[in-house]
Every structure is written in C-alpha cells, then in structure tokens.
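In this text, residue positions in the sequence shown follow the UniProt record's numbering: the first is 1, and each later residue adds one.
For every residue, glycine included, the Cβ atom is placed at its ideal position computed from N, Cα and C.
Here's the structure, in structure tokens; my notes come after.
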Amino acid sequence: MHNNELSGEPQFCDADWLRTQIFETIRFYDPQCIDQVNGGYYHCYLDDGTICDSEIKSLVGTARFIYIFSVGFMLGGPKHWKSMAEQGLRFLEEVFHDHKYGGYFWMAEKRTVTDAGKYMYGQAFVLLALATANKAGIGGTRPLLDEHVQILEKNLWDPAYQLYLDAKNRNWTVTDPYRGQNANMHTCEAMIAAFEATGNKEFLRRALTLAHSVTVTLANQTGGLIWEQYDQQWHPDWIRREAYKDNEFRLYGYIFGHSIEWSKLLMKLHHYVRKPWLRDRAIFLYRTAWKAAADHTYGGLYFSMAPDGRILDAYKYYWVMAEALGASALLAKGAPDTAFYLRHYRDLFGYCWAHFIDHRYGAWYPKLSRANLRIGYEKSPLTKTDYHPITNYYEAMRVFEKLKNK
Numbered sequence: 001m002h003n004n005e006l007s008g009e010p011q012f013c014d015a016d017w018l019r020t021q022i023f024e025t026i027r028f029y030d031p032q033c034i035d036q037v038n039g040g041y042y043h044c045y046l047d048d049g050t051i052c053d054s055e056i057k058s059l060v061g062t063a064r065f066i067y068i069f070s071v072g073f074m075l076g077g078p079k080h081w082k083s084m085a086e087q088g089l090r091f092l093e094e095v096f097h098d099h100k101y102g103g104y105f106w107m108a109e110k111r112t113v114t115d116a117g118k119y120m121y122g123q124a125f126v127l128l129a130l131a132t133a134n135k136a137g138i139g140g141t142r143p144l145l146d147e148h149v150q151i152l153e154k155n156l157w158d159p160a161y162q163l164y165l166d167a168k169n170r171n172w173t174v175t176d177p178y179r180g181q182n183a184n185m186h187t188c189e190a191m192i193a194a195f196e197a198t199g200n201k202e203f204l205r206r207a208l209t210l211a212h213s214v215t216v217t218l219a220n221q222t223g224g225l226i227w228e229q230y231d232q233q234w235h236p237d238w239i240r241r242e243a244y245k246d247n248e249f250r251l252y253g254y255i256f257g258h259s260i261e262w263s264k265l266l267m268k269l270h271h272y273v274r275k276p277w278l279r280d281r282a283i284f285l286y287r288t289a290w291k292a293a294a295d296h297t298y299g300g301l302y303f304s305m306a307p308d309g310r311i312l313d314a315y316k317y318y319w320v321m322a323e324a325l326g327a328s329a330l331l332a333k334g335a336p337d338t339a340f341y342l343r344h345y346r347d348l349f350g351y352c353w354a355h356f357i358d359h360r361y362g363a364w365y366p367k368l369s370r371a372n373l374r375i376g377y378e379k380s381p382l383t384k385t386d387y388h389p390i391t392n393y394y395e396a397m398r399v400f401e402k403l404k405n406k
C-alpha cells in the first residue's frame, strides 16, 4: 500500500487520530464505571453515561473493561487507567474465579455469584483480558493465564472435533448439548492475544487449529459462510431454537459480522504464519458476507441471513460495523486489491461517523434500525463496554502506523 492510496478522509487512516478515538471512547467510562461499593465495574449506561444498573456484574463485561483499560494504558493513556484495569482484575479473582473447581463464573449480583456456569464465551474473554493486561505490564497475570489455559484444555476442549464445548456446570460434570462457533471464534482471538503477549507458540498453534476447524471444516458443511448453531456431532442445526431466541451469544443464522470477524482473525494469523489458505479464506469470507450484507439504500451492513438467503435481521449493530472496519484495514494491508478494501474501510467509517458514534457524549450507539434510527436509550448495555470499536480502532491503528513508518 502506498501513501497516495491513503488520501481521501486522512483522519480515518491516520494512526494518531485512531489512537485519539480509542482514548475518547474509553473516557466515556472514566471514572463512572468504577464501583467503589462492591468492587469491579458498573455494567449498564444510558446515552449520557448515567448508570442504569448498579448491581449486575457480568464476566464478559468485566473482562472487556480490563481489556479496554489495558489497551488504553499500553497506548500511552492516563496512568490511572492501569489502576482501573487492576480494579477489574481484583474483582475477577475475588468474585468470578472459581478457586475450587477452576474457571470463572458467568454472572454475579454485587459480590454474590448468580450463575456459576462455565461458559466458553466468558472463559475466552477472561483469556483475552489476562493476555492484554500481561502485554501492558499490568497485574502480573502470566501465572493466571497459564493456569486458565490448562483448565480449558482439561475441561472444555473436545479433541475429537478440535473445538471447544460451549458450556459445562460449575464442577465440569454436566455438558450443555449446545454447540456453537461463537465461543470458538473469540477463543481464537484470545489465543492470538496470548501468543502476542507471551511469545508461546502453543497459543498460536491452538488459534490456527480453531481457525481451520471453523472456517474450513465447519464452513464446508454450510456453503462457505459461518453458521452459528450445531448439534453434538458438529452438524449444522438448521432449526431455529426458540430457547435461544433472545440469547445474544447463541445466535441463529448466518451472522454476517462473524464471517467478517473471522476474516480479520485469519489475516492476523496470516501475519504470523504465511499459509495461503488463511488469506484465501479471509478474502472469501469477507467478500461473500459483505456482498450479502451491504444495505445500498441506508448504508451499513445487515445483521443476519436465513439458510435460504433471506435477510433475517436488517437492523444495524455497532459491533458488526466495528469488526468490518478492522477486517477492511487488515485486508487492505495484506491482501491483493488494496484500493477495494480501503474504499470499504473509508465508506463504512464515514457511515459510522454519521450514525453510530455519539459526538456529544462519546462511545457508540449499540443498535440502529435499518434506516439508522435509534432504538432505546441505553448507550452501553450489559457486556458492551465498546470493546468492539476499541479493538478495531486498535487493529486499524496498527496497520496505518506500520505503513506510515515504512
């Protein structure tokens, strides 16, 4: 990529400007996210930052807060962001960590565990948080990281299918029959982060295994795109399960954002392991999902598609747009046809700048109608913490920083 290809909206492709966006997004949560009474963080915010729930504590939300403050501190943000990350690490160990059976509980209220289940999705974000804190030099998390990976290997890894199970009960004796790709995708992401933080290539190998299992082995059963739900033999479950209707972690359909998010992870892996299939699959997933998801009337990307190709959910979700920004930047750097991916990056960033980013109070709106109208007054509901925008600002920043220094 040449510098003259970065003309147009230079701020969107400027590493320093992207770093500033990370800082400004984190400041939406600073200082009101800190729960001085019960420890940890508050997990629900209205548009202006008003706390809308002072008691519920989410494992995913806690891990994501640790992640964003670690990234902010690592990038040269205020020193107190280190202590804000440490606040979450303490709560993680004191309340969420199961010191008897290992792993981390799913949900708490104040300091009392309300769901002791061991969900792989949550375990993945703990790994991401520990790895990122370690990379930022916060909290001495390396022993916890190594212990956590061993617990996951022992209790949730399914060697027959080379994938992680979705959930077990507290003492690991009962396995949830549900199988899904979502938790495996975020575990792949966390394993890449663990490799980057420690240099241990075992983490990189596990990330590669997960990437192949989902984007090749499973995707070969479903026309190439990423399907979400599977039976216990990892065959696609095409029947919509009402039991999971409102479960954001067990989605039904082809979720365009997940195919695009996988394309991002494949390009991150390709940076470390120059295997042609990684880039080939990344390009296929990105282009196929984008073509089906693009809303040529109102902008942005649709959310999901049925097996027969019908759009199931035409709403616009913040995390889909954010992941598409990160994937576009990485593909612009590492795939042929740089101009194609840069155009998508710039156009989508312009759309997000106009509709998703709150220029008054900061942070991103979580969900819009197809025509880009607000839905509700919660800016950051349970588990959000603007993790997706921040991690993809960070990916794009790293891409454009390297290009600037060439």
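*Hey, could you find the ends of the beta strand (DSSP E) T112 is sitting in?*
In the sequence shown, residue 112 corresponds to position 112, counting from 1. Taken as a continuous stretch (DSSP letters only), the beta strand (DSSP E) holding T112 covers T112 to D115.
*Could you name the residues of the same chain whose beta carbon sits closer than 6 Å to that of K118, not counting the 5 residues immediately before and after it, in chain order?*
The residue given as residue 118 occupies position 118 in the sequence shown. Counting only Cβ-Cβ distances below 6 Å, and skipping sequence neighbours, we find G103 and K168.
*Since W172 contacts G257 with CB under 8 Å, what's their CB separation in whole angstroms?*
Here residue 172 refers to the residue found at position 172 of the sequence shown. Here residue 257 refers to the residue found at position 257 of the sequence shown. About 31 Å; that fails the 8 Å criterion.
*Under 8 Å between C-beta atoms of L156 and L145*: Along the sequence shown, read from residue 1 onward, the residue named residue 156 stands at position 156. Along the sequence shown, read from residue 1 onward, the residue named residue 145 stands at position 145. Taking 8 Å as the Cβ cut-off, L156 and L145 do not qualify as a contacting pair.
_Rounded C-alpha distance that separates K291 from F356_ = On the sequence shown, position 291 is the one that residue 291 refers to. On the sequence shown, position 356 is the one that residue 356 refers to. Using only the alpha carbons, I get a separation of about 21 Å.
*E228 versus N247 - alpha carbon distance*: Position 228 of the sequence shown, counting from 1, holds the residue named residue 228. Position 247 of the sequence shown, counting from 1, holds the residue named residue 247. Going by the C-alpha atoms only, they are around 12 Å apart.
*Does the pairing of the segment 32-42 with the segment 365-372 give three or more beta-carbon distances under 8 Å?*
no
*asked:* Bridge partners for L46 per DSSP, in chain order?
replied: As a position in the sequence shown, residue 46 is number 46, starting the count at 1. Paired residue(s): E378.
_At the level of alpha carbons, what is the spacing between L89 and K264?_
Taking the sequence shown and counting its residues from 1, one reaches residue 89 at position 89. Taking the sequence shown and counting its residues from 1, one reaches residue 264 at position 264. The alpha-carbon atoms of L89 and K264 are separated by roughly 28 Å.
*With a CB to CB cut of under 7 Å and the five nearest residues on each side skipped, what residues in its chain are close to A124?*
As a first step, residue 124 must be located in the sequence shown, where it is residue number 124. Excluding positions up to five away in sequence, the list reads A183, H186, T187 and A190.
*From the beta carbon of I260, is the nearest beta carbon of chain D less than 8 Å away?*
Absent from the structure: chain D. Only one protein chain is present.
_Cutoff 8 Å; reference H2; Cβ partners in own chain excluding five residues on either side_ = What you label residue 2 is simply residue 2 of the sequence shown in a count that begins at 1. No answer about H2 holds up, because its pLDDT of 37 lies below 50 and its placement is not dependable.
*Determine the DSSP secondary structure at Q233, reduced to helix, strand or coil.*
What you label residue 233 is simply residue 233 of the sequence shown in a count that begins at 1. Three-state result, Q233: coil.
_Integer-rounded CB distance, given that N392 should sit under 8 Å from G326_ = Counting from one through the sequence shown, the residue named residue 326 turns up at place 326. Counting from one through the sequence shown, the residue named residue 392 turns up at place 392. Sure, about 3 Å apart at Cβ, within 8 Å.
*Give the secondary structure of residue 408 by DSSP, where H, G and I count as helix, E and B as strand, and everything else as coil.*
With the chain covering 1 to 406 only, the question about residue 408 has no answer from this structure.
*Expressed to the nearest angstrom, what Euclidean distance is found between the alpha-carbon atoms of D386 and W234?*
As a working note, residue 386 is residue 386 in the sequence shown. As a working note, residue 234 is residue 234 in the sequence shown. About 31 Å.
_Test item: CB-CB of A63 and L128 under 8 Å_ = On the sequence shown, residue 63 is found 63 positions in, with the first residue counted as 1. On the sequence shown, residue 128 is found 128 positions in, with the first residue counted as 1. Against a cut-off of 8 Å, the Cβ pair of L128 and A63 comes out as a contact.
*If we count the other Cβ atoms within 10 Å of its Cβ and call it buried at 16 or more, is D337 buried or exposed?*
Stepping through the sequence shown from its first residue, residue 337 is reached at position 337. Flag for D337 reads exposed.
*asked:* Please list the terminal residues of the continuous beta strand (DSSP E) segment that includes A314.
replied: Along the sequence shown, one-based indexing puts residue 314 at 314. Run containing A314: none; DSSP gives neither H nor E here.
*Compute the distance between the beta-carbons of Y361 and F12, then report whether it is under 8 Å.*
The residue given as residue 361 occupies position 361 in the sequence shown. The residue given as residue 12 occupies position 12 in the sequence shown. No, these two residues do not count as a Cβ contact at 8 Å.
_Range of the contiguous beta strand (DSSP E) that encloses I226_ = Taking the first residue of the sequence shown as position 1, residue 226 is located at position 226. Neither: I226 is in no beta strand (DSSP E) and is coded neither H nor E.
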